[in-house]
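Written out below as structure tokens is the structure these notes cover.
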Amino acid sequence: MAASSLMATILGAAERARAAGRDPLVVLDLDGTLYDNTPRTLRILQEFAHLHAVGHPGLYERLDTLARSAMAYRTGDTLRALGVTDEALIEQVQTFWFERFFTDAYVIHDLPNPGAVAFVRALYTAGLVPAYLTGRDAPNMLVGTVQALQRDGFPVGTVDTRIILKDRFSTPDEEYKASVVEHLRATGEVVAVFDNEPGLCNLFHEAFPAAACVLLDTSCAPGAPPLAPGLQRVADFRGLLP
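Everything in the sequence shown is counted per this note's numbering, starting at 1323 for the first residue and increasing by one.
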């Protein structure tokens, strides 16, 4: 489906939902979808490098000039690709990363993916309800998430928007998002879903077969299942803008 056709499909479905007295929901993931979180990881890795520059000068030299494009999905893989062979050091860096990555203080380093803000604002202006559905947990990441959304110009915090985070960190993302399906169904008409995980796109396609389910082809967890036949994938949001 061409980008212009996809946008027309979403807007048409939204119009029909409103005519039926239902809120037209567009379900939007955050990490890897609306947001690029590699700046968050890069900030953490470089913080470690600066704090341990005396003890690990070689690591400092490598990480201080590391490009975002050179970063792998897993921190350990990034370090190994840079030539780090000390597994104890890799474990130390991974622990440092884990203690910081899922927190308000560091989530603000994320940057919107290209076209994301303009796309969501276009849908919002057209009367759709952005429903930010993320695997982030509220106790550790709600404040930073809202701060970043507001800073970057996403519609958030009003009656015609939704933001849904996990109530606890330990719940697996797919399990949590599956548990939210009935809530979404009861509170509106899901007309579109955007996610960077093929398995979650497949899950929402099964739950809402009439909705446009679109994969953001940015990064996904290793071992992810194939995208269901017929579902669309895009590199970013720029090609979807009206």
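Think of the CB as a built atom: it goes at the ideal place given N, C-alpha and C, for glycine as much as any other residue.
Residue from the options whose Cα sits closest to the Cα of residue i
i     : options                       : result
L1433 : C1542, R1362, A1500 and L1455 : R1362
A1460 : L1487, H1372 and Y1446        : L1487
N1462 : A1394, E1421, L1367 and E1497 : E1421
P1477 : T1447, L1506 and D1489        : T1447
A1389 : L1404, G1377 and G1380        : L1404
A1508 : E1337, L1347 and A1336        : L1347
I1430 : D1358, A1339 and V1349        : D1358
A1335 : G1398, R1490 and V1513        : V1513
Q1416 : E1383, E1369 and P1520        : E1369
V1556 : F1530, P1544 and V1515        : V1515
Q1472 : D1386, G1510, V1442 and L1525 : V1442
R1560 : A1440, V1349, A1500 and G1510 : A1440
V1502 : L1525, P1520 and G1377        : L1525
A1529 : G1377, E1511, A1546 and L1562 : E1511
Per-residue DSSP class, three states only, for residue i
i     : result
G1343 : coil
F1526 : helix
D1386 : helix
I1430 : coil
D1408 : coil
D1351 : coil
L1549 : coil
L1356 : coil
L1487 : strand
R1396 : coil
S1534 : The amino acid at residue 1534 is misidentified as Ser; the sequence shows Ala. Correct three-state label for A1534: strand.
Neighbourhood of residue i by C-beta, 6 angstroms cutoff - its chain only, sequence neighbours within 5 removed
i     : result
S1541 : G1354 and Y1395
D1517 : D1351, T1355 and C1523
Residues near residue i in its chain [Cβ-Cβ closer than 8 angstroms; skip 5 each side]
i     : result
M1393 : T1360, T1363, L1364 and T1400
D1558 : N1435, P1436, G1437, A1438, L1538 and T1540
F1491 : F1424, D1459, P1461 and N1462
Residue i at chain B interface by Cβ criterion, 7 angstroms
i     : result
V1481 : This model lacks chain B altogether, as it is built from one protein chain only.
Beta-carbon contacts of residue i that lie in its chain and below 7 angstroms, excluding the five residues immediately before and after
i     : result
A1500 : L1525
Within the chosen definition, does the segment 1460 to 1474 reach the segment 1410 to 1428 through at least 3 CB pairs nearer than 8 angstroms?
yes
Would you call the segment 1532 to 1546 in contact with the segment 1328 to 1347, where contact means no fewer than 3 C-beta pairs closer than 8 angstroms?
yes
How about the segment 1474 to 1484 and the segment 1443 to 1455: do they share at least three Cβ pairs that are nearer than 8 angstroms?
yes
Enumerate, from N- to C-terminal direction, the unbroken alpha helix (DSSP H) stretches of 4 or more residues contained entirely within the segment 1443 to 1483.
1460 to 1474
Count the CB pairs spanning the segment 1338 to 1346 and the segment 1405 to 1415 that are closer than 8 angstroms, and state whether there are at least three.
no
Note down, one range per segment and in chain order, each alpha helix (DSSP H) of at least 4 residues found wholly within the segment 1495 to 1519.
1495 to 1509
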